[in-house]
Ligand SMILES: [Cu+2]
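Numbering (this note's numbering), first residue to last: 6 to 142.
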């Protein structure tokens, strides 16, 4: 039996930063796999960053940018199967499928506190997920 860690566990208990609050999303996905496949952390520069999709992980896995800012993620699926990009339990309503060799750009809002989980809804149980987090106080 796989064990899952509630996303809420990685968020600060105090302070309602708005952007980082978590509730059940349209996909009901508020849990991160305990075996999240970590393939690095990078800062989005100039409000944009390229995120490559592989089987089954995102590179980079943690994306950092100024708190509350909006970042354009250029998704490139360099894998051999379709991958998805979804953001957990938020109001961003992002749910994008990228075919092998395909690209898509999504705009995401960096939370003001804590981390916000994103994931591939097709492979999240294999650890295909990552975090959006602020790099400023
Ligand atoms: Cu995937």
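Heads up, the beta-carbon is just placed ideally off N, CA and C, and yes, glycines get one too.
Best match in 58, 41, 69 for proximity to residue 52 [C-alpha to C-alpha]:
For the purposes of this step, residue 52 is identified with residue 47 of the chain shown, where counting begins at 1. When only C-alpha atoms are compared, the closest one is 69.
Length of the line joining the Cα atoms of residue 82 and residue 100:
Here residue 82 corresponds to residue number 77 of the chain shown, with the count starting at 1. Here residue 100 corresponds to residue number 95 of the chain shown, with the count starting at 1. Taking the straight line joining both Cα atoms gives about 15 angstroms.
Alpha carbon to alpha carbon, what distance is there between residue 139 and residue 113?
Start at 1 with the first residue of the chain shown, and residue 113 comes out as number 108. Start at 1 with the first residue of the chain shown, and residue 139 comes out as number 134. Distance between the alpha carbons of residue 113 and residue 139 is about 12 angstroms.
Backbone secondary structure at residue 27 - three-state DSSP
On the chain shown, position 22 is the one that residue 27 refers to. Below a pLDDT of 50, predicted positions are generally treated as unreliable, and residue 27, at 37, falls in that range; the measurement from the model is reported next regardless. Residue state for residue 27 is assigned as coil, using DSSP reduced to three classes.
Candidates 74, 131, 102: which alpha carbon is nearest residue 89's?
Position 84 of the chain shown, counted from the start, is the residue given in the question as residue 89. Checked all of 74, 131, 102; the closest Cα to residue 89 is 102.
For a quick check, are the C-beta atoms of residue 80 and residue 54 less than 8 angstroms apart?
Counting from one through the chain shown, the residue named residue 80 turns up at place 75. Counting from one through the chain shown, the residue named residue 54 turns up at place 49. Cβ distance not < 8 angstroms, so residue 80 and residue 54 don't count as in contact.
Indicate whether residue 117 and residue 47 have their beta-carbon atoms separated by less than 8 angstroms.
Here residue 117 is taken as the residue at index 112 of the chain shown, counted from 1. Here residue 47 is taken as the residue at index 42 of the chain shown, counted from 1. Cβ distance not < 8 angstroms, so residue 117 and residue 47 don't count as in contact.
Around the Cβ of residue 156, are there at least 16 other Cβ atoms within 10 angstroms (buried) or fewer (exposed)?
There is no way to answer for residue 156, as the model of the chain reaches only from 6 to 142.
Can you check DSSP and say which residues form a bridge with residue 54?
To locate residue 54, count along the chain shown from 1; it is residue 49. The partner list for residue 54 (beta bridge, DSSP) reads 78.
Nearest-angstrom Cα distance between residue 85 and residue 142?
Numbered from 1 along the chain shown, position 80 holds the residue referred to as residue 85. Numbered from 1 along the chain shown, position 137 holds the residue referred to as residue 142. Straight-line Cα distance between these residues: approximately 39 angstroms.
Exposure of residue 34, with buried meaning 16 or more beta-carbon neighbours within 10 Å
As a working mapping, residue 34 is identified with position 29 in the chain shown. Confidence at residue 34 is low in this model, with a pLDDT of 46, below 50, so its placement is unreliable and no value can be given for it.
Beta-carbon proximity of residue 63 to residue 91, cut-off 8 angstroms:
For the purposes of this step, residue 63 is identified with residue 58 of the chain shown, where counting begins at 1. For the purposes of this step, residue 91 is identified with residue 86 of the chain shown, where counting begins at 1. Contact flag unset, no.
Let me check you understand the geometry: is the CB of residue 91 closer than 7 angstroms to at least one non-hydrogen atom of ligand 1?
For the purposes of this step, residue 91 is taken as residue 86 along the chain shown, with counting starting at 1. No; taking the cut-off as 7 angstroms, the Cβ of residue 91 has no heavy atom of ligand 1 nearer than that.
At a cut-off of 7 angstroms, is residue 43 close to ligand 1 when judged by its beta-carbon and the heavy atoms of the ligand?
Residue numbering aside, residue 43 sits at position 38 when the chain shown is read from its first letter. Answer for residue 43: no, Cβ out of range of ligand 1.
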